[in-house]
Structure formats: structure tokens, C-alpha cells
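For what it's worth, my numbering labels the leading residue of the sequence shown as 525, then goes sequentially.
For each residue, glycine too, the CB sits at the ideal point set by N, CA and C.
All values derive from a computational prediction rather than experimental measurement.
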Amino acid sequence: MAEVLVLVELDPTGSGVRKTTLEALTAARALGEPSAVVVGAPGSAAAAHDALAEYGAAKVYVAESEEIDSYLVAPKAEVLAQLVASVSPAAVVIPSSAEGKEVAGRLAVKTGSGFLTDVTEIAPDGTATQVAFAGATIVHSKVTVGTPIYTVRGNSVTPEPAPAAAAEEPVAVTLSDAAKLTRVVDRVVEQKSSRPELTEASIVVSGGRGVASAENFAIIEALADSLGAAVGASRAAVDSGYYPHTFQVGQTGKTVSPQLYIAVGISGAIQHRAGMQTSKTIVAINKDPEAPIFELADFGVVGDLNTVVPQATEQITARR
């Protein structure tokens, strides 16, 4: 079976891998046998091993050194280029994060290969599916030059376990001078709340323009906390200054696909729908019965969010 390289996106806390890696491993299985590539500081592969084995990595190429972790993305692209030259994989699959896209672009240049970004599905023949114009257009593309490189859009593939050996194979790290031009001089750990990370949460509660103010987002946060959920916001809410941009869900924000998505005071513009329409169950709360969000929702509540949401929070809290 053909080998497919999958770049591992490590959890910044050092506790393992991000969900995006499991999605990439799952997508890669359509093309052949996934081999995970861990590029990072010593100990990174050990922390990630169990998850990589559970989700189908037959091999784990381990490229660890303090030197790699001292620079930005260029070393990762060089390690992948070395592996492409030595093992001749059928394809390379990378999570479609900001860093992943940069690594993929650099790798495409180094290997003379074509690359497709933000793919939502990969067929066995290598044809990739991409979503354009906020979901209005579906594009099918295929790489015709070199080793196909794909970046998989977050939350577009459901991770599926497929236990494999995950046999570790060390990779000698040899970096060019060009890969060392930008050095990391300091790292600051972002302060995290007790809520789950937005793109990996199983429940998301999002507020829109209908919340009416930054102060009123306390209602959204209270409902989220009662459910153990992450908090999101529409672009209208973010642009109005109600909530930080890092929590924006939509075409120009983050893509989420939780088990439960609760849209509060969100009209349902196509740009927002593009970032949450693959959610398993969607509940909409809006005072306008004609709001487009109701076309997408599995359950809808027509009413004033200032009344409905606190009552829902009270009932949920009472049952815990």
C-alpha cells in the first residue's frame, strides 16, 4: 500500500496532538497508509505516540532536536522535503492551520509539486474537494505535478480510529543556513480560559448582532458554562466590538463542527453558515421568525434571547 506522509500538529502545551492531526490522518487513509511526521523538540513524539497509533499511523518519523524548535516553519518544510526525496510517498497531508499552509507552500516549492489548500475531502484517486464562496460552490481539483500536497481544512473530516503500529523511525535533522534565517527568541504562553478551545469543542454557543452589546455577552457565556461549551461569535458581533475576533465563527473566522451548535441572535448570513453548517445538531434562538438561520437549524426558538437564554441556563444548571 502506498505511503502517505502526514505532518503532526502538536498541542502547544506538550500534551499530545491537536484534533486537526487526527483529521489529517483520517483523510490520508483514502490515499494509502499514513505515516506521521513529528518535527519538534525532544519528547514530542513520545507525548503524541498513543494518539497517532490509535488513528492509523503505521509509522512515525521522528525528527526531534533543540535546533528545530529554535526556528520558525522552514525546518519543518526541509524535513518533509528530505522525506519526500527518500521515501517517495504517494502524497503529503498537512493540517490547514496558518503554519500548515506556510509549510505546505514551502514544501511545494522545494519539491516542485502542486498543492491544494483547505480541502474538505480527498478521494482515493487523489481528487480533492474544496468549498468556495462560503459554500455556494463545490470545487473538485487534482494535482498533476510532483508529489500531491494537501492541507485539510479543520473540522471538515470526522476523525475515525484505525489502530496501527506507529513504529517509530528516527530522522536525521540537517538544516540548511536558509532554514536558520529566522530564530525564535522568546515564547509566551497565551492565557487560556477554563472553556474548551473553540475549534475542538463538542458544544459551541455563539452570539450575534442580536446580543446587542459586549455586556450582554455575559448571557452567552453563562449558557456556555452551564453546558461546558466554547463561546463563539458572528462577524457582525465581532465587528461591533461585542467579542474578540479570535472567537469569530464563519468564512473569515474559524470553522467549527461540534455535536451541538447554539446560535443566539444570529441571522444566519451565508458567511456565518460557512463556518458552522457541518455541526451535527443546530439550535437557533432568534426573535425574527424569518431569520435565515432557521432554514439550517434542527431546532428553533422564536423569542427574545434576553428571556429565553437565561431561562435555558437556569434549567440546565438545575439538572446538573
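query = What are the partner residues of residue 644, as DSSP defines its beta bridges?
reply = Here residue 644 refers to the residue found at position 120 of the sequence shown. Under the DSSP definition of a beta bridge, residue 644 lacks any partner.
inquiry  = Going residue by residue through the segment 556-619, where are the continuous alpha helix (DSSP H) segments of at least 4 residues, counting only ones entirely within it?
reply    = Runs found: 568-578, 598-611.
query = Is DSSP giving residue 681 helix, strand or coil here?
reply = Translated into the one-based positions of the sequence shown, residue 681 becomes position 157. If DSSP states are grouped into helix, strand and coil, residue 681 belongs with coil.
inquiry  = Quick check for students: name the residue ranges of the alpha helix (DSSP H) that lie wholly in the segment 747-796, counting only runs of 4 or more.
reply    = Those alpha helix (DSSP H) runs which fall completely within the segment 747-796 and span 4+ residues are 759-763.
task = Measure the C-alpha to C-alpha separation of residue 656 and residue 646 and round it to an integer number of angstroms.
result = Along the sequence shown, read from residue 1 onward, the residue named residue 656 stands at position 132. Along the sequence shown, read from residue 1 onward, the residue named residue 646 stands at position 122. Roughly 16 Å between the two C-alpha positions.
message = Taking the beta strand (DSSP E) that residue 694 belongs to, which residues open and close that run?
response = Here residue 694 corresponds to residue number 170 of the sequence shown, with the count starting at 1. Start and end: 691-694.
Cβ separation of residue 788 and residue 833, assumed to be a contact under 8 Å, to the nearest whole Å = Counting from one through the sequence shown, the residue named residue 788 turns up at place 264. Counting from one through the sequence shown, the residue named residue 833 turns up at place 309. Contact holds; Cβ gap of about 6 Å.
inquiry  = Does residue 823 pass the burial test, meaning 16 or more other C-beta atoms within 10 Å, or should it be called exposed?
reply    = For the purposes of this step, residue 823 is taken as the residue at position 299 of the sequence shown. If you draw a 10 Å sphere on the C-beta of residue 823, you find fewer than 16 other C-beta atoms in it, and that means exposed.
key: Close beta carbons around residue 591, own chain, < 7 Å, minus the five adjacent residues each side   = As a first step, residue 591 is located in the sequence shown; it is residue number 67 there, counting from the start. Sequence-distant partners of residue 591 (beyond 5 residues in either direction) whose C-beta falls short of 7 Å from its own C-beta, in its chain, are 697, 699.
request  = In angstroms with no decimal places, state the Cα-to-Cα distance between residue 564 and residue 608.
outcome  = Here the question's residue 564 lines up with position 40 in the sequence shown. Here the question's residue 608 lines up with position 84 in the sequence shown. Straight-line spacing of the CA atoms in residue 564 and residue 608 works out to 18 Å.
inquiry  = By alpha-carbon positions, which one of 839, 831, 548 ends up nearest to residue 686?
reply    = Residue 686 sits at position 162 when you count from the first residue of the sequence shown. Of the listed residues, the one whose Cα sits closest to residue 686 is 548.
Of the residues 733, 708, 778, the one placed nearest residue 721, counting alpha carbons only = In the sequence shown, the residue the question calls residue 721 occupies position 197. Ranking the options by Cα distance to residue 721, first place goes to 778.
ask   = residue 569: buried (16+ other C-beta within 10 angstroms of its C-beta) or exposed?
value = As a working note, residue 569 is residue 45 in the sequence shown. Per the 10 Å Cβ criterion, buried.
ask   = For residue 745, which three-state DSSP category applies?
value = Taking the first residue of the sequence shown as position 1, residue 745 is located at position 221. In this structure, residue 745 counts as helix in the three-state DSSP scheme.
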